[in-house]
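In this note's numbering, the protein residues as written are 349 to 426.
And the structure:
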């Protein structure tokens, strides 16, 4: 198991993206709908879920609100 301390930035963004995608799918929300709720382009949401972009706290907060989860739960990737 990789700990947060040993994770590089890319691995961290991939894990967070996987978490976002998992919660989104559990709630039956399309990527397009989540992007719209966050005022993002769908392509940007795709990059976030794939871990191919740096996710800011502001954008993570927007996503957590749109998904109806706490920010700390969204970022808990251990």
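Using N, Cα and C, we set each Cβ at its ideal position, and we do this for glycine too.
message = Contact defined as beta carbons within less than 8 Å: I believe residue 408 pairs with residue 382. What is the distance between those atoms, to the nearest angstrom?
response = Actually they are not in contact, since the Cβ atoms of residue 408 and residue 382 sit about 13 Å apart, beyond 8 Å.
inquiry  = Between residue 361 and residue 402, how many whole angstroms is the CB-CB distance? I'm expecting something under 8 Å.
reply    = 7 Å
query = Given residue 350, which residues of its chain have a CB within under 6 Å of its CB, disregarding the five upstream and five downstream residues?
reply = The predicted position of residue 350 is uncertain, since its pLDDT is 49 and thus under 50; a value taken from the coordinates is nonetheless stated next. Closer than 6 Å at Cβ, skipping near neighbours: no residue.
message = Do residue 368 and residue 422 count as a contact pair if the criterion is CB distance below 9 Å?
response = yes
query = Can you tell me the Cα-Cα spacing of residue 388 and residue 359, whole angstroms?
reply = 23 Å
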